[in-house]
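This report concerns only the one structure given below.
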Amino acid sequence: MRYKFFNTNGLADARRLRQKEFPVVLLARWNNEVKRKGGYVVESSSDVNAIIKGRKKDVSHYEDHFGLSLHSMCGDSGGVIVSIDRRLVGFLSSAIEEEYYSTGVKLIKVLELIDFYKRRLKDSAK
741 MRYKFFNTNG LADARRLRQK EFPVVLLARW NNEVKRKGGY VVESSSDVNA
791 IIKGRKKDVS HYEDHFGLSL HSMCGDSGGV IVSIDRRLVG FLSSAIEEEY
841 YSTGVKLIKV LELIDFYKRR LKDSAK
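Residue numbers are given in my numbering: position 118 of the sequence shown equals residue 858, and the series is strictly consecutive.
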């Protein structure tokens, strides 16, 4: 099987994203079925924290996340976000259900976290 990855460095320019309306699809598993939800990347990682804080008072600080106009709900976290040409963009991180706004984490950050856990487990096994 061949995988294609989206270069998330391109998410840094939010103006360009708005002009292009970068469409994505969330693939989330519910009741042993894959559910598809469409939306758009609307904000770059540099903008996400300010937007979330403006929408919701109690929020964690996220780095290298991107904003999505995508309706998601509790249980969708960890779902795969892909471009319409089937390239992996990232994974769903959080959502503000009542406002049709979600955040995704970039693939590179997911891989860094997995590497950290792997090293931690290896060190604890010694």
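Glycine included, C-beta positions come from ideal geometry on N, C-alpha and C.
Secondary structure of ILE836, DSSP reduced to three states
For the purposes of this step, residue 836 is identified with residue 96 of the sequence shown, where counting begins at 1. ILE836 falls in the strand class under three-state DSSP.
Start and end residues, beta strand (DSSP E) containing LYS862
Here residue 862 refers to the residue found at position 122 when the sequence shown is read from its first residue. That residue, LYS862, is in no beta strand (DSSP E); its alpha helix (DSSP H) goes 847-864.
Inter-residue Cα distance where the pair is LEU810 and LYS866:
For the purposes of this step, residue 810 is identified with residue 70 of the sequence shown, where counting begins at 1. For the purposes of this step, residue 866 is identified with residue 126 of the sequence shown, where counting begins at 1. Roughly 44 Å between the two C-alpha positions.
How many Å lie between LEU847 and LYS862 at the Cα?
Indexing the sequence shown from 1 puts residue 847 at position 107. Indexing the sequence shown from 1 puts residue 862 at position 122. When rounded, the distance between both Cα atoms is 23 Å.
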